[in-house]
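Numbering (my numbering), first residue to last: -9 to 39.
So this is what it looks like as structure tokens:
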């Protein structure tokens, strides 16, 4: 039986944002919640331009 792996990622342009995300995850933030919030913020920013 083959092993299954699931990969999730959050892509950001700036190292500082990535480091902040890592800190939030280390403090117990949920990955899915962070990803959703980041996506929402990017969509709002894109709509404003």
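We treat Cβ as the ideally placed atom computed from N, Cα and C, and that holds for glycine.
Practice problem: Please classify residue 33: does DSSP put it in a helix, a strand, or coil? | Solution: Note: residue 33 maps to helix in three-state DSSP.
Quiz item: Just checking my contact of residue 0 with residue 28 at CB under 8 angstroms: how many whole Å lie between their CB atoms?
Solution: 6 angstroms
Quiz item: In whole angstroms, what separates the C-alpha of residue 6 from that of residue -5?
Solution: 28 angstroms
Quiz item: Does the distance from the CB of residue 24 to the CB of residue 11 come in under 9 angstroms?
Solution: yes
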